[in-house]
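Encoded as structure tokens, the structure appears first; notes follow it.
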Amino acid sequence: MNAVAAMAELRARPCAGRWQTQPYRETLALKNSRSVLLRPAHHRDAAALQRFFAALSPRSRLLRFHGALNRLPDTAAQRMSTQVPARHVALVALADEGELAAEARYAIDNEGAAEFGIAVGDGWQGQGLGRALLLRLAVHASDSGIAALRGSVLPGNEPMLALMRSLGAELRSSGAEIHGTIALRELAAA
Ligand SMILES: CC(C)(COP(=O)(O)OP(=O)(O)OC[C@H]1O[C@@H](n2cnc3c(N)ncnc32)[C@H](O)[C@@H]1OP(=O)(O)O)[C@@H](O)C(=O)NCCC(=O)NCCS
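Just remember that the working numbering sits 1290 ahead of the position in the sequence shown, which is counted from 1.
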């Protein structure tokens, strides 16, 4: 399904993408038939978020943070697991055992631009989870009146670049990074 159709389909559901105003829980079936539970992040997730990042491969951590980071500091874990209306929106995907399989978020900076971040656990990659999370962030941001989602990608991160291209992102090389901008109005126009 293309991204425009996927956004329209998500919007038609009762609560997808609107997790700050309604209780949001969604069981998502992945390509390999495993499933995860999607829900908003909660401040009680801070320790699980630290375990999740500690368990990522060094390459995935590098791709997520664009630098070496062995341990997510407590303050960052608290910040990343706290929803701040109109400023920070965060989703987690939980495996059966209650551990995190993925995290995704967007934050609004002082200029009003929305920057996303996302990481899927190594054992969960390539199963459609990253795409599902980014689409849900896009629906949420679009419904919140945000015009574009931005993300910085390291060259060689083919899954992320493919994902951004499939959402119609404009990609621009800048120094050691590729800056991508997903225009939400165009995606939501259908
Ligand atoms: C990048 C990342 C979020 C993608 O999530 P994912 O669940 O692995 O990816 P998906 O299964 O949803 O696939 C996303 C796209 O990548 C493509 N893809 C998947 N694996 C691929 C690979 N090894 N090479 C090239 N493309 C690939 C898929 O075909 C899909 O394209 P589509 O949207 O056009 O169908 C995930 O791999 C990850 O967390 N990586 C480490 C951290 C990171 O890079 N974060 C992003 C920082 S900007």
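All C-beta atoms in this analysis are idealised placements derived from N, C-alpha and C, irrespective of residue type, glycine included.
Using only the alpha-carbon positions, how far apart do ARG1475 and ALA1466 sit? 28 Å
Would you identify the three-state DSSP class for LEU1362, choosing helix, strand or coil? coil
Using the Cα positions of ALA1338 and LEU1390, report the straight-line distance between them to the nearest angstrom. 7 Å
Endpoints, the beta strand (DSSP E) within which LEU1327 is located: 1325-1330
Under three-state DSSP, which class holds TRP1456? Residue 1456 is actually Ser in this sequence, not Trp. Correct three-state label for SER1456: helix.
Report the three-state DSSP secondary structure of SER1463 (helix, strand or coil). strand
Confirm the yes/no value for this check: CB of GLU1448, any heavy atom of ligand 1, distance under 7 Å. yes
According to the neighbour-count rule (16 or more other Cβ atoms, all chains shown, within 10 Å of its Cβ), is PRO1461 buried or exposed? The amino acid occupying residue 1461 in the given sequence is Leu; Pro does not appear at that position. Label assigned to LEU1461: exposed.
Contact between the segment 1325-1337 and the segment 1367-1381 (3+ Cβ pairs under 8 Å): yes
By the three-class DSSP mapping on this structure, what secondary structure does LEU1419 have? helix
Taking the alpha helix (DSSP H) that GLU1387 belongs to, which residues open and close that run? GLU1387 -> no alpha helix (DSSP H), and no H or E assigned at all.
To the nearest angstrom, how far is it from the Cα of GLY1418 to the Cα of SER1347? 19 Å
CA nearest to the CA of ALA1404, picked from GLY1388, PRO1445, ALA1431: ALA1431
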